[in-house]
Amino acid sequence: MCLLSPTSVFICARHLRPHPYLCSLDLRVPYAVRLTEADIVKLLRGLPDLNLKVIFSEFYFTSTIVSELPRMKHINSMRFKPGPKQGLGGEEEVESFVPVLEQGAFLVLLDLDITARLGDVTHFMNTDFAPINIAFLFIDAYVEHEPKQLYNVARHTGSQSDEFETNIKLVHVPGLLTLIPAKQI
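To convert, take the position in the sequence shown, counting from 1, and add 29; that gives this note's numbering.
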């Protein structure tokens, strides 16, 4: 587990780099992702052989971070944990979710938790290089959606594999978590 501040990510990356067989990266960050996103990407680039899973805060799988994760060829689980113990994020961090993926992205990804609008999830799962081996998809749809949008995401993601399971969290209380201003930390 890494507890990050905007300045500690380099210390964490330097400490983790000599451990090529690291199986899990559990980031607990008490800041909005916009304050640490560039540092998190640098940390991920320093761990290209990370094996198995990453666990972030609820709103931390942004377009930029999800675009970086496929470069780590052994990731099979991308999970988030909601609540202040894991870290804080905000809905504005995932307002637009359009990661850029390249060929060979997420070849071993089986388990994906994502917080995004249903239209963005449908688009993401239907891009040319979307994850194709997903067995479990958990979607936190943090805003209200029309039934047709729910139908579309289920229709477009449900044919991934025989073992595919989709869970969509339809209830989210906006503003339940409060971010700690960086000046106060």
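Heads up, the beta-carbon is just placed ideally off N, CA and C, and yes, glycines get one too. This structure is a prediction, so every number in the text was calculated from the model and none was measured.
8 Å contact criterion, which residue i and residue j should meet: CB distance rounded
{"i": "Leu230", "j": "Met101", "result": "With the chain represented from 30 up to 214, any question about residue 230 goes unanswered, as that position is not in the structure."}
{"i": "Ser86", "j": "Gln115", "result": "5 Å"}
Which listed residue (the options) has its alpha carbon closest to that of residue i
{"i": "Cys52", "options": "Phe88, His103, Glu175", "result": "His103"}
{"i": "Leu98", "options": "Leu138, Glu121, His174", "result": "Leu138"}
{"i": "Phe167", "options": "Asp157, Phe158, Val182", "result": "Val182"}
{"i": "Thr156", "options": "Phe90, Ser86, Ala134, Lys114", "result": "Ala134"}
{"i": "Thr91", "options": "Phe158, Leu136, Val127, Val172", "result": "Val127"}
{"i": "Phe109", "options": "Leu56, Glu66, Val150", "result": "Leu56"}
{"i": "Asn162", "options": "Asp169, Ile84, Ala67, Leu136", "result": "Leu136"}
C-alpha gap between residue i and residue j, whole angstroms
{"i": "Glu124", "j": "Ala145", "result": "7 Å"}
{"i": "Thr186", "j": "Val129", "result": "18 Å"}
{"i": "Ala164", "j": "Gln132", "result": "20 Å"}
{"i": "Leu33", "j": "Met154", "result": "With a pLDDT of only 46 at Leu33, under the threshold of 50, the placement of this residue in the model should not be trusted, and no figure is reported."}
{"i": "Leu79", "j": "Leu54", "result": "8 Å"}
{"i": "Phe88", "j": "Pro176", "result": "23 Å"}
{"i": "Gln178", "j": "Gly148", "result": "7 Å"}
{"i": "Glu121", "j": "Lys71", "result": "22 Å"}
{"i": "Thr93", "j": "Asp142", "result": "16 Å"}
{"i": "Ile69", "j": "Pro160", "result": "22 Å"}
{"i": "Gly119", "j": "Ala61", "result": "7 Å"}
{"i": "Leu64", "j": "Arg74", "result": "18 Å"}
{"i": "Phe158", "j": "Leu81", "result": "20 Å"}
{"i": "Tyr180", "j": "Asp140", "result": "21 Å"}
{"i": "Pro59", "j": "Leu117", "result": "5 Å"}
{"i": "Gly112", "j": "Arg184", "result": "30 Å"}
{"i": "Tyr171", "j": "Val150", "result": "12 Å"}
{"i": "Asn105", "j": "His174", "result": "29 Å"}
{"i": "Ile84", "j": "Glu66", "result": "15 Å"}
Residue i - containing alpha helix (DSSP H), residue span
{"i": "Asp68", "result": "62 to 74"}
{"i": "Arg184", "result": "176 to 186"}
{"i": "Ile94", "result": "92 to 97"}
{"i": "Leu147", "result": "147 to 154"}
Residue i: first and last residue of the uninterrupted beta strand (DSSP E) it sits in
{"i": "Ile84", "result": "81 to 86"}
{"i": "Leu141", "result": "140 to 144"}
{"i": "Met101", "result": "Careful: Met101 lies outside any beta strand (DSSP E) and carries neither H nor E."}
{"i": "Phe167", "result": "165 to 169"}
{"i": "Asp78", "result": "Premise fails: Asp78 is in no beta strand (DSSP E) and is neither H nor E."}
{"i": "Asp55", "result": "53 to 57"}
Residue-chain proximity (residue i, chain C), Cβ-Cβ < 7 Å
{"i": "Asp55", "result": "In summary, chain C is missing from the structure at hand, where a single protein chain is found."}
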